[in-house]
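Quick note, the sequence shown lines up with residues 227 to 505 if you use this note's numbering. A short write-up of the structure that comes next.
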Amino acid sequence: MFNVSNRPVVTEIDEARGVGLNTHAYGSPTTTARVNKDMKWAYMDGLSDAEREHRNKKDTWEYMPRLSNVQREKSILEFLRSAHHWSIKDFIQQLAHPEKVPYAHGAQVRIYQLRQAIIEQPEVLKIFMEDKQLIPSMLVEGVSAIVREELYTLMQEVPLLSKFHVDSSPKDLNVKDFYKEVGGKAPILWRLLQTISAQLEDDTVSNQQNGSFGLIAALLSHALAPRLSSGFQAYIGLYFHSLGARRRLIDLLHSLNISLSYDSILRYHNEIAKIAQVH
């Protein structure tokens, strides 16, 4: 039976790597101490003579001189993998994390340093630029995430772009100028549309263009979440139905995402008629 008192104290590094669980580690106090020390610095093995000189040092974080850049890189990466089970990706993601962390440098300082190390270094940036699809893909994904959040904001705060309710009245909606709400609550989307549609001869934006921007926002919101954003499409469909538009026209508008389907419009029309009879 093994003597529990002779079991080595496994360090956090050893525990993360699963070291120190073999039965040969249980022996005399002298053997235990030697094995324990070896396990503590196991993640340093095979890197360099300079690193092995520090194996018996008590201070784990003492600076290790006389290492080449390659040796230092290997040592750091091995430490990340062994002691923390982290990859380079995990480490960089933590550096860019917006929340405050209990370190000497604040989050903004670390983000600035990260930007310096990547964007402001031509030899590093060249790695990303060699892939002609990478940068456009990153830009599209980044802008898409921002615009998507703005669209959800529009669904929540702009009645015309919210879910349609049969007891609501078009009189309560600012249909004519609702594009102003879109520009105020979705500035990135608005600026993107302005930039894309800037006229070649005249950079000024007309009210007609502003109206089209509102329409685009309504189409995008409905395409993103049809159940959460159906007000604009319902009012358009009901408006044309009240003018006597045929099913073919309303279904055509529905295919363009401008209106709800004819069946949905007819159902809402009947529900509104029932509410009107009650009142």
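Where is the CB? At the ideal position from N, CA and C, for every residue including glycine.
{"query": "Cβ-Cβ distance between Ser456 and Lys411 below 8 Å", "result": "no"}
{"query": "Cβ separation of Leu377 and Ser301, assumed to be a contact under 8 Å, to the nearest whole Å", "result": "Not quite, the Cβ-Cβ distance comes to about 47 Å (not below 8 Å), so this is no contact."}
{"query": "Reference Leu464, options Tyr405, Asp489 and Pro452, closest by Cα", "result": "Asp489"}
{"query": "Buried versus exposed call for Ala443 [16 or more other C-beta atoms within 10 Å across all chains shown]", "result": "buried"}
{"query": "Collapsed DSSP secondary structure at Val384 in the structure displayed", "result": "coil"}
{"query": "Coil, strand or helix - Arg292 by DSSP", "result": "coil"}
{"query": "Sequence ranges, alpha helix (DSSP H) only - wholly within the stretch 425-478, length at least 4", "result": "433-450 and 457-468"}
{"query": "For Ile484, three-class secondary structure by DSSP", "result": "coil"}
{"query": "DSSP-derived helix/strand/coil call for Gly253", "result": "Residue placement at Gly253 is poorly supported in this model, since its pLDDT is 42, which falls under 50; the coordinates still yield a value, given next. Coil."}
{"query": "Rounded separation between Glu288 and Leu340 - CA only", "result": "24 Å"}
{"query": "Where Ala424 falls, given that 16 or more other Cβ within 10 Å makes a residue buried", "result": "exposed"}
{"query": "7 Å CB neighbourhood of Glu497 in its chain, flanking five on each side removed", "result": "Val392"}
{"query": "Nearest to Ala449 (by Cα), restricted to the options Ile318, Leu482, Arg472 and Val401", "result": "Leu482"}
{"query": "N- and C-terminal bounds of the alpha helix (DSSP H) containing Gln319", "result": "Ile314 to Leu321"}
{"query": "Local Cβ density within 10 Å of His480, reported as buried at 16 or more and exposed below that", "result": "buried"}
{"query": "DSSP state of Val373 mapped onto helix, strand, coil", "result": "helix"}
{"query": "Rounded separation between Gln334 and Val369 - CA only", "result": "21 Å"}
{"query": "Exposure label - Lys284; buried when at least 16 CB within 10 Å", "result": "The predicted position of Lys284 is uncertain, since its pLDDT is 46 and thus under 50; a value taken from the coordinates is nonetheless stated next. So Lys284 counts as exposed."}
{"query": "Coarse secondary structure for Lys402, derived from DSSP in three states", "result": "coil"}
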